[in-house]
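Chemist:
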Amino acid sequence: MRDRKTFGWRAAGLTAALLSLAGCGGGGSNGGGGFFPVTAAPPPAAGNGAAPPAPAPAPPPITAQQACASLEGKTVGAATVTAAAVVAASGEVPAYCKVNARIDPRLNFELRLPDAWNSKLQYFGGGGYNGSIPPLVAGDLLSLPAIKKGFATVGSDSGHQGSGLDATWALNDPTAAQLFGSLSVPTVMSSVVEMLKLAYGAAPAKSYFEGCSNGGREALMTAQRYPNLFDGIIARAPAYNWVGFMGGFNRTAKAMSAPGGSLDAAKVATLSKAVRDACDAGDGIVDGVVSNPAACNFDPQVLRCVGGADTGSNCLSDAQLASVASTTSAAVFAGSPTYRDPGRPLAGNEDDPAAFGLWTTGGGNPQTSLQYLFQDTTVKTFLARNLSADSLAYTWDQDTGALYGLAALNDATNVDLRPFQNSGGKLILWHGENDAALSYRTTTEYYTNMVAAVGGQGTADTFTRLYLAPGVNHCAGGPGADVSDLLGALDAWADKGTAPGTLEASKIVAGANAFSRPLCQFPRYPRYTGPSNDAEAAKLASNYTCTSP
Numbered sequence: 039m040r041d042r043k044t045f046g047w048r049a050a051g052l053t054a055a056l057l058s059l060a061g062c063g064g065g066g067s068n069g070g071g072g073f074f075p076v077t078a079a080p081p082p083a084a085g086n087g088a089a090p091p092a093p094a095p096a097p098p099p100i101t102a103q104q105a106c107a108s109l110e111g112k113t114v115g116a117a118t119v120t121a122a123a124v125v126a127a128s129g130e131v132p133a134y135c136k137v138n139a140r141i142d143p144r145l146n147f148e149l150r151l152p153d154a155w156n157s158k159l160q161y162f163g164g165g166g167y168n169g170s171i172p173p174l175v176a177g178d179l180l181s182l183p184a185i186k187k188g189f190a191t192v193g194s195d196s197g198h199q200g201s202g203l204d205a206t207w208a209l210n211d212p213t214a215a216q217l218f219g220s221l222s223v224p225t226v227m228s229s230v231v232e233m234l235k236l237a238y239g240a241a242p243a244k245s246y247f248e249g250c251s252n253g254g255r256e257a258l259m260t261a262q263r264y265p266n267l268f269d270g271i272i273a274r275a276p277a278y279n280w281v282g283f284m285g286g287f288n289r290t291a292k293a294m295s296a297p298g299g300s301l302d303a304a305k306v307a308t309l310s311k312a313v314r315d316a317c318d319a320g321d322g323i324v325d326g327v328v329s330n331p332a333a334c335n336f337d338p339q340v341l342r343c344v345g346g347a348d349t350g351s352n353c354l355s356d357a358q359l360a361s362v363a364s365t366t367s368a369a370v371f372a373g374s375p376t377y378r379d380p381g382r383p384l385a386g387n388e389d390d391p392a393a394f395g396l397w398t399t400g401g402g403n404p405q406t407s408l409q410y411l412f413q414d415t416t417v418k419t420f421l422a423r424n425l426s427a428d429s430l431a432y433t434w435d436q437d438t439g440a441l442y443g444l445a446a447l448n449d450a451t452n453v454d455l456r457p458f459q460n461s462g463g464k465l466i467l468w469h470g471e472n473d474a475a476l477s478y479r480t481t482t483e484y485y486t487n488m489v490a491a492v493g494g495q496g497t498a499d500t501f502t503r504l505y506l507a508p509g510v511n512h513c514a515g516g517p518g519a520d521v522s523d524l525l526g527a528l529d530a531w532a533d534k535g536t537a538p539g540t541l542e543a544s545k546i547v548a549g550a551n552a553f554s555r556p557l558c559q560f561p562r563y564p565r566y567t568g569p570s571n572d573a574e575a576a577k578l579a580s581n582y583t584c585t586s587p
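Take any residue in the sequence shown, count from 1 to its spot, add 38: that is its number in the numbering used here.
(1) If we ignore side chains and look at the alpha-carbon of each, how far apart do leucine 174 and aspartate 449 end up?
(2) What would DSSP say about alanine 293, mapped onto helix, strand or coil?
(3) Following a CB-centred definition, is tyrosine 161 positioned closer than 7 Å to any heavy atom of the ligand NAP?
(4) Between which residues of its own chain and leucine 236 is the CB-CB distance below 8 Å, once the five residues before and five after are set aside?
(5) Under three-state DSSP, which class holds glutamate 148?
(6) So what's serine 222 in DSSP terms, helix, strand or just coil?
(7) What's the gap between the Cα of glutamate 542 and the Cα of lysine 577?
(8) Is there contact here, the segment 559-573 with the segment 529-536, by at least three beta-carbon pairs under 8 Å?
(9) Should threonine 399 be labelled buried (16 or more other beta-carbon atoms within 10 Å of its own) or exposed?
(10) The alpha helix (DSSP H) with proline 212 in it runs from where to where?
(11) Tell me where the beta strand (DSSP E) around lysine 112 begins and ends.
(12) Determine the DSSP secondary structure at proline 556, reduced to helix, strand or coil.
(13) Contact check, glycine 202 vs asparagine 168 under 8 Å by CB: the rounded distance?
(14) Rounded to the nearest angstrom, how far is the Cβ of alanine 257 from that of alanine 273, given a contact under 8 Å?
(15) Using the Cβ count rule (16 or more neighbours within 10 Å means buried), how would you classify alanine 102?
(16) Measure from the alpha carbon of alanine 122 to the alpha carbon of each residue in Tyr134, Cys106, Glu130, Val131, then state which is nearest.
(17) Do you know whose CA, among Thr500, Pro331, Asp356, Ala333, lies nearest cysteine 343's CA?
(18) Using C-beta distances below 7 Å, list every residue in its chain close to threonine 585, excluding the 5 sequence neighbours before and after it, in chain order.
(19) Grab the span of the beta strand (DSSP E) containing lysine 158 for me, first residue to last.
(20) So what does tyrosine 563 bridge to, in DSSP terms?
(21) Nearest-angstrom Cα distance between serine 157 and arginine 150?
(22) Rounded to a whole number of angstroms, what is the C-alpha to C-alpha distance between glycine 254 and glutamine 358?
(23) Taking all protein chains shown into account, decide if lysine 186 is buried (16 or more other Cβ within 10 angstroms of its Cβ) or exposed.
(24) Tell whether a beta-carbon distance below 8 Å holds between proline 611 and phenylalanine 458.
(25) Give a yes or no on whether the C-beta atoms belonging to threonine 120 and alanine 133 are separated by under 8 Å.
(26) Could you check where the alpha helix (DSSP H) with asparagine 448 kicks off and where it finishes?
(27) In the DSSP assignment, find the unbroken alpha helix (DSSP H) run with cysteine 317 in it and report its ends.
(28) Determine the burial state of alanine 84: buried for a count of at least 16 other Cβ atoms within 10 Å of its Cβ, exposed for fewer.
(29) How would you write the range of the alpha helix (DSSP H) that serine 181 sits in, first residue to last?
(30) Quick one: what does DSSP say leucine 430 is sitting in, helix, strand or coil?
(31) Between the alpha carbons of serine 196 and alanine 293, how many angstroms are there, rounded?
(32) For tryptophan 397, which three-state DSSP category applies?
(33) Would you call the segment 487-494 in contact with the segment 376-392, where contact means no fewer than 3 C-beta pairs closer than 8 Å?
(34) Count the other C-beta atoms from every protein chain shown that fall within 10 angstroms of the C-beta of threonine 349, then say buried if there are 16 or more, exposed otherwise.
(35) May I ask you to report which of helix, strand or coil DSSP gives glutamate 248?
(36) Report the rounded CA-to-CA distance for valine 417 versus arginine 423, giving the unit in angstroms.
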């Protein structure tokens, strides 16, 4: 592992000690220059009839059981191992050693060690306000593909325990707030590298970070503040602008909670169908997915009920149109373009039960929606600092000092990634275009601004890629192709120098590949160019062409 992997794990104010890799000295009397002692006979010369000595057989790979045994009960770096046990293979989940460890005061992490380690590490990010470590189960899109490839993987609860929808732990615990904001990843890494050395006899040759949503924020935070920590980073649907996103959530929660402003499932279905009818064919095929949303200029006002009153499920009232406008239009807070919510474009799949209803409307009860719950705990904990505060009565930027404090902790908005580029790091950005939580526009804006900051497209292309996934919801789900091997693409780039181009994404239904699509580099989108009226041809990525908008 390169020397740069031993630096950047600075966790100011924490008790975790930083560990540096010790340098190795030279060899013994026969080492260093390849000379032999004068008393030793020289090796047989080639061609004198003597066979060269057979190479020593390679040692067998360290098993998960052996890795567990080497770590059980140990204190390694700043981490105390609280449990280490082999988890038996089950279905698509292979056998692995599950190591649970703790860094005081309460930062917990889980290290997963495969039977045959490929000498690489994947750190997987969390979600929401974290508070727990997702278990390794079938269908896991982050940790499972990595451990099946032989990666060791690690993830943490970011320094507190509880629901990912609750931030009250941060009210009177600045250490926990700092860990969540930016310090948990480098703090965990400082001990994990030492644990891998103890378990396998070597530090990881390559280390990668992959996360979605808050995990995507952690990914960009790491690239910005700890540019030497990872060889490659994957940021999926990154929630990097905490102030802007939560402000957008607050604005929409107020509109949806206003008298007459909520949309039930029937109203959402009306809106979604109208968008698909207007825009679905714009990508060359009517398949229920708007693959070129940038060209979709649907105006919800065409659905206005006569007189603006709510007269049935086939139209939207003025109050409901205001709710739609709140989630689709841009907003800027505290007069700063940094604190910006660009709005979520209508994608034509708002009637996906796991999309608009879950995140925005609450199925007609907006105060059960995830956007409401996230902004509510953020207002109470970070801004008003009062658990009795009414988030719907709170003006988002009324206390700019509190807003700046929230941004300093949690925002990863710095677009100058030249330190990460100069360290040799590679970055893949990904976002689903049907994301009902975080607009894909936020990621395209970050990418565009980053390209300018690093000196232009040519420079950006040396270390960054952006992929948009049509029809895909927040991190996964939706009608689009949501499974793609970004880790394999990143590894080939960081380890072999093979830069990714067009990738392939699949939709997996009942364990089988239902269809595939090309995953195009931004700003291109997949346009159907195959035979017309051929349902089977429409399932194949080879019948689509990445096209400029």
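By construction, the Cβ of each residue, glycine as well, lies at the ideal position given by its N, Cα and C atoms.
These numbers were taken from a predicted model, which means no experiment stands behind them.
Modeler: In short:
(1) 28 Å
(2) helix
(3) In the structure shown, the ligand NAP is absent, as is every other ligand, since no ligand is present at all.
(4) Ser108, Leu109, Lys112, Val114
(5) strand
(6) helix
(7) 12 Å
(8) no
(9) buried
(10) 212-216
(11) Where lysine 112 is concerned, there is no enclosing beta strand (DSSP E), given that its DSSP letter is neither H nor E.
(12) strand
(13) 6 Å
(14) 4 Å
(15) buried
(16) Cys106
(17) Asp356
(18) Arg562, Tyr563, Arg565
(19) 158-162
(20) Thr585
(21) 13 Å
(22) 32 Å
(23) exposed
(24) Nothing can be reported for residue 611: it is not among the residues displayed for the chain, which extend from 39 to 587.
(25) no
(26) 438-448
(27) 303-317
(28) Low local confidence applies: a pLDDT of 44 at alanine 84 is under 50, so the model's placement there is unreliable, and no value is given.
(29) 181-186
(30) coil
(31) 33 Å
(32) helix
(33) no
(34) exposed
(35) strand
(36) 7 Å
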